[in-house]
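Chemist:
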Amino acid sequence: MGTIETLAAKLAEDTMKAMDETGNDRLYVEVGNVLGASSQTLEEAFLTEMRVRLSEATARRFLNAKLAEARGGPKAVSPAEE
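Numbering-wise (full-length UniProt numbering), the sequence shown opens with residue 1 and increments by one.
1) Nearest-angstrom Cα distance between Lys17 and Ala9?
2) With DSSP run on the structure shown, which of helix, strand or coil describes Asn64?
3) With three or more beta-carbon pairs closer than 8 Å as the criterion, would you say the segment 27-35 touches the segment 45-58?
4) The alpha helix (DSSP H) spanning Asp20 covers which residue range?
5) What whole-angstrom Cβ distance do Ala68 and Phe46 have, given they're in contact under 8 Å?
6) For Thr15, which of Glu5, Leu27, Ala57, Glu44 has the nearest alpha-carbon?
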């Protein structure tokens, strides 16, 4: 992995943690805007990392809800119902 990808991945990881901690689910947009002011290349890599991570989290919640439903447990909230 190159420098840009490494930096983008670490920043995305830290941003996901900050979003969880603060409850600000659009924080990554603000971080992207800050990056874009100085490095469009890093901004694009960061936003790609964020989209992938957010998509994975949504899919994981969906999968967990389906598994809970199939196992007869309490119905978890699916991403579409949030």
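The beta-carbon is built from N, C-alpha and C at its ideal position, and this holds for glycine as well.
Modeler: From the atom records:
1) If you number the sequence shown from 1, residue 17 lands on position 17. If you number the sequence shown from 1, residue 9 lands on position 9. Distance between the alpha carbons of Lys17 and Ala9 is about 13 Å.
2) The sequence position of residue 64 within the sequence shown is 64, counting from 1. The answer is helix: DSSP assigns Asn64 an H, G or I state.
3) yes
4) Numbered from 1 along the sequence shown, position 20 holds the residue referred to as residue 20. Per DSSP, Asp20 belongs to the alpha helix (DSSP H) from 3-22.
5) Residue mapping note: residue 68 aligns to position 68 of the sequence shown, counting from 1. Residue mapping note: residue 46 aligns to position 46 of the sequence shown, counting from 1. That belief does not hold up - the Cβ atoms of Ala68 and Phe46 are roughly 33 Å apart, past 8 Å.
6) Stepping through the sequence shown from its first residue, residue 15 is reached at position 15. Comparing Cα positions, the closest option is Leu27.
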